[in-house]
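Letter by letter, the sequence shown follows residues 44 to 225 in the numbering used here. Think of the CB as a built atom: it goes at the ideal place given N, C-alpha and C, for glycine as much as any other residue. Have a look at the structure below, then the notes.
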Amino acid sequence: MDFIELMAARYSCRSYTDQPVSREDLDGCAKAACLAPSARNTQPWKIILVNDPETVAAVREQTSDEQLHLNMFTRKAMAFAVFVNEGIPYTPVDRGRMKGDNYTKSDIGGAILAFCLEAQRRGIGSCIIGSFCADGVKKVLGIPEEKGLDLIITLGYPADSTVPAKNRRPMDEVVFYNEYPG
Ligand SMILES: Cc1cc2nc3c(=O)[nH]c(=O)nc-3n(C[C@H](O)[C@H](O)[C@H](O)COP(=O)(O)O)c2cc1C
Numbered sequence: 044m045d046f047i048e049l050m051a052a053r054y055s056c057r058s059y060t061d062q063p064v065s066r067e068d069l070d071g072c073a074k075a076a077c078l079a080p081s082a083r084n085t086q087p088w089k090i091i092l093v094n095d096p097e098t099v100a101a102v103r104e105q106t107s108d109e110q111l112h113l114n115m116f117t118r119k120a121m122a123f124a125v126f127v128n129e130g131i132p133y134t135p136v137d138r139g140r141m142k143g144d145n146y147t148k149s150d151i152g153g154a155i156l157a158f159c160l161e162a163q164r165r166g167i168g169s170c171i172i173g174s175f176c177a178d179g180v181k182k183v184l185g186i187p188e189e190k191g192l193d194l195i196i197t198l199g200y201p202a203d204s205t206v207p208a209k210n211r212r213p214m215d216e217v218v219f220y221n222e223y224p225g
């Protein structure tokens, strides 16, 4: 499978079998994430891999909401990769002036995609989630309150072999050479 095929094959998998995800596979995916680039190589993340069944059950509770019927599929996830934003700032500079921003979130986005692609390559389904109770997850995993927690990856072997069609804007709407379209 070449890289474009791997990118096309990855999808947000939201149904899982009850087969556990091995520690070797979780380590392999985390290794891919740790190879991701980051601003000034700050690597501003900690990745908490959750595979202990009791802890998985507790994280499932915090990532799903029965009343809002939100992310209920996480109750079947067999493992989680929780990306903690360590907030190690690298403040970009524009001609000597500090820009009021840092790159930790985009760095973590890159690491997350690398993790999901390696999971796909190993036949493991993944879904990035941004909607969850961050305070609850922090409590379960002992993550200090002041740390950032924006994204979690849910993991498990796909229960369904049908892969949804990719729904992406056509390239000619988003890709341009040399100047912004008029
Ligand atoms: C930052 C981010 C947050 C997301 N949050 C959720 C979420 O809370 N629940 C969910 O079911 N999917 C979530 N997704 C998955 C997106 O809906 C999905 O990536 C998008 O629809 C494209 O589909 P695909 O991943 O199957 O290609 C999130 C994706 C990203 C990148």
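Take the alpha-carbon of K182 and the one of K190: they are about 12 Å apart. The alpha-carbon separation between L184 and P96 amounts to approximately 13 Å. Take the alpha-carbon of D178 and the one of E188: they are about 7 Å apart.
Relative to the Cα of S55, the nearest Cα in the group L198, D193, R140 belongs to L198. Of the residues G166, I151, M50, I186, the one whose Cα lies closest to the Cα of Y59 is G166. Per DSSP, L198 is one residue of the beta strand (DSSP E) stretching across 191-199. Distances taken from the Cβ of C72 to the heavy atoms of ligand 1 include none shorter than 7 Å. Taken in chain order, the unbroken stretches of alpha helix (DSSP H) that lie wholly in the segment 71-126 and span 4 residues or more are 96-106.
Ligand 1 approaches C170 closely enough that one of its heavy atoms is under 7 Å from the residue's Cβ.
Burial check for F126: the Cβ neighbour count within 10 Å reaches 16 or more, so the residue is buried.
Sequence-distant Cβ neighbours of I186 in its own chain, meaning closer than 8 Å and more than five residues away, are I91, V125, V127, V180, L192. For L160, the CB stays at least 7 Å from every heavy atom of ligand 1.
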